[in-house]
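Protein chains in written order, with our numbering: chain R, 352 to 520; chain C, 791 to 949.
Spelled out as C-alpha cells, the structure:
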C-alpha cells in the first residue's frame with residue numbers, strides 16, 4: 352500500500368504543464384552556452400561548417416531545457432515561475448523543503464535550430480518510499496520532460512531523478 | 791575550415807578518450823548557470839548554498855554538466871559526431887576550487903539496422919580521485935568518410 356498522498360498518486364503518468372516556449376530558439380544563448388564550457392565545435396561558430404554538416408545553424412543538443420526556463424522576472428507575474436514545475440509541486444505536496452537532481456538522461460531527436468519554437472510537457476513517472484540519504488530523509492522521484500518542435504517532430508526527452516529531502520536536525 | 795572527423799572504422803572498444811582538465815572557478819559555475827537560464831540561488835549565492843543546501847559552496851548545475859559532457863564527447867568525435875543519448879548520475883557536487891577531469895572509454899561500436907554507426911562511451915568526471923559524475927553516452931559518428939549522421943531523420947535516427 353503506497354503511503355503517497357492521493358493527489359501525488361494521481362499525478363503519476365499524467366501529462367502536465369504543456370506549454371509552448373516563451374521565445375524562439377536563438378543564437379545568443381548558443382554562444383553563451385558554448386562559451387560557458389569552451390565548446391569550439393565549428394557547427395556553432397562557423398557558417399560554412401554548419402551548412403555542410405548540419406544543414407545550417409543548430410543549437411547544442413544538450414540545451415533542450417534552456418528554451419523553457421522562465422525569465423527570472425516578467426511583467427504581470429506575481430510570483431517567480433519555476434522550470435520543471437512537477438518537481439516543485441512534489442516538494443510542496445510531500446513537505447520536503449530541499450531537493451537536488453541526482454540523475455539525468457537525455458534522448459535527442461531532430462536537431463533544434465534558431466527560429467524554432469519548441470513545446471514541452473512533463474510526466475511524473477514514479478515516487479519512491481521514504482529513504483534515509485546522506486543529505487537527509489526524503490524521496491526520489493522520476494520526471495520525464497518531452498520536447499517537440501513547431502512541426503510536432505520529436506526533438507528530445509529528458510528524464511530527471513530528483514531527491515526531495517528534509518535535512519538532518 | 792578543416793576539422794577532426796572520427797569515423798567508426800577507426801574506433802575500437804577499450805579505446806581511451808583524451809582527458810580534459812578544467813579548473814572550476816565561481817565564474818565557471820555562475821556562467822554555466824546563467825547560460826542555462828538557471829536562476830536558482832545555489833548556483834550563484836554561496837550563503838544560500840551553505841545555509842540551505844548544506845554544502846560548502848555554489849556548485850555546477852545539471853544542464854551545464856550536460857553541456858560539459860557534450861563538449862568533451864564532440865571534442866573527441868569532431869563536429870560530425872551526433873549525440874543520441876546521454877545519461878549521467880551526479881554522486882557529489884563540483885565546487886569552485888575543484889579541478890575537474892573528464893576521462894572516457896569506448897564501451898562498444900556497432901551499426902544499427904538502418905546503417906547508423908554508434909559508439910557507446912562511458913565518461914567519468916572526477917575531482918582528484920573522487921568520481922563526481924558517471925556518464926554513459928551513445929553518439930553516432932560517420933561509418934566511414936563521406937557518411938554524416940546529421941543527415942539522418944525520422945526512422946533513420948534511432949537514438
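Positions of the beta carbon are idealized from the N, C-alpha and C atoms, including for glycine. Small disclaimer: the values here were computed from a predicted structure and weren't measured.
Which whole-angstrom value is the C-beta distance of residue 1016/C and residue 889/C, which I expect to be below 8 Å?
-> The structure shown does not extend to residue 1016/C, since chain C is modelled only from 791 through 949, so no value can be given for it.
Starting from residue 807/C, find everything on chain R with Cβ-Cβ shorter than 8 Å and list it in chain order.
-> Locating residue 807/C in the second chain gives position 17, counting from the first residue. Under the 8 Å cutoff, chain R gives no residues; its nearest Cβ is about 16 Å from residue 807/C.
Minimum C-alpha distance to residue 922/C - residue among 850/C, 903/C and 896/C = Here residue 922/C corresponds to residue number 132 of the second chain, with the count starting at 1. Taking only the C-alpha atoms, the option nearest residue 922/C is 850/C.
State yes or no: is the beta carbon of residue 943/C nearer than 8 Å to at least one beta carbon in chain R?
-> The residue you call residue 943/C lines up with position 153 of the second chain. Output row for residue 943/C: interface = yes.
Burial state of residue 466/R, where buried means 16 or more other Cβ atoms lie within 10 Å | In the first chain, the residue the question calls residue 466/R occupies position 115. Residue 466/R should be labelled exposed.
Residues bridged to residue 474/R by DSSP?
-> As a first step, residue 474/R is located in the first chain; it is residue number 123 there, counting from the start. Residue 474/R pairs with 366/R and 495/R.
Segment contact flag, the region 816-831 of chain C with the region 366-378 of chain R, C-beta cutoff 8 Å, min 3 pairs | no
May I ask which residues mark the beginning and end of the alpha helix (DSSP H) holding residue 854/C?
-> Translated into the one-based positions of the second chain, residue 854/C becomes position 64. Per DSSP, residue 854/C belongs to the alpha helix (DSSP H) from 852-867.
With 8 Å as the threshold, decide whether the Cβ of residue 827/C is near any Cβ in chain R.
-> By 1-based counting over the second chain, the position of residue 827/C is 37. So, interface residue.
Is the shortest distance between the beta-carbon of residue 864/C and the beta-carbons of chain R less than 8 Å?
-> By one-based count along the second chain, residue 864/C stands at place 74. At least one chain R Cβ lies under 8 Å of residue 864/C.
Have a look at the DSSP bridge pairing and note the partners of residue 910/C.
-> Taking the second chain and counting its residues from 1, the one referred to as residue 910/C is at position 120. 898/C and 928/C, per the DSSP bridge assignment.
Could you name each continuous alpha helix (DSSP H) segment of 4 residues or more that falls completely within the region 373-399 of chain R, going from the start of the chain to the end?
-> 378-387
How would you list, in chain order, the residues of chain R whose beta-carbon sits under 9 Å from the beta-carbon of residue 773/C?
-> There is simply no residue 773/C to check, as chain C begins at 791 and stops at 949 in what is shown.
Beta carbon of residue 532/R nearer than 8 Å to that of residue 476/R | Residue coverage of chain R in this structure runs from 352 to 520, which leaves residue 532/R outside it and unanswerable.
Can you find a C-beta in chain C that's less than 8 Å from the C-beta of residue 427/R?
-> For this step, residue 427/R is matched to residue 76 along the first chain. It does not: the Cβ of residue 427/R has no partner Cβ on chain C nearer than 8 Å.
With DSSP as the reference, label residue 806/C as helix, strand or coil.
-> Here residue 806/C corresponds to residue number 16 of the second chain, with the count starting at 1. If DSSP states are grouped into helix, strand and coil, residue 806/C belongs with the strands.
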